[in-house]
Amino acid sequence: DGSFALVADARGNAVRRVDLDGGRVSTVAGSGEWDLIDGPGSSAAFASPAGLAVAPDGSFALVADARGNAVRRVDLDGGRVSTVAGSGEWDLIDGPGSSAAFASPAGLAVAPDGSFALV
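Counting in the working numbering, the sequence shown runs from 23 upward without gaps.
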């Protein structure tokens, strides 16, 4: 709705929300610990998230977790984090889900219909 921006906080290992009316900052997901842990917002962990893209319907964001070598999904209603793709190993391997590997992904984009992402 244009009322907020999301920030991939690489050094804070979190996804943060900035309300554009007043500048209030809040953490959507990430404990601040450097790791690759899925789960509820404040229990999840990132390893230097470097970029993100919001789904066209605004229900989730995909996060390029650079040092976690993974693409993560953050549900914006509740902050639950799940790993969509990437084994966590630094490599360049095509394949499904956790069989794939990335080498420090830094940016991504979600297709207009939300059906796929480019990393």
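Ideal Cβ positions, reconstructed from N, Cα and C, are used throughout, including at glycine.
- Measuring C-alpha to C-alpha distances from Ala-72 to each of Ser-81, Val-85 and Asp-79 identifies Val-85 as the nearest.
- The stretch 37-93 contains, as complete beta strand (DSSP E) runs of 3+ residues, the segments 47-51, 71-76 and 82-87 (chain order).
- A contact is defined here as three or more CB-CB pairs under 8 Å, and the stretch 53-63 meets this definition with respect to the stretch 99-118.
- For Ala-27, the enclosing beta strand (DSSP E) starts and ends at 26-31.
- Between Ala-32 and Ser-70 the beta-carbon gap is near 5 Å, inside 8 Å, which marks them as a contact.
- Between Gly-90 and Phe-68, the CB-CB gap stays under 9 Å.
- Inter-residue distance for Ser-25 and Arg-39 is about 10 Å (C-alpha atoms, whole angstroms).
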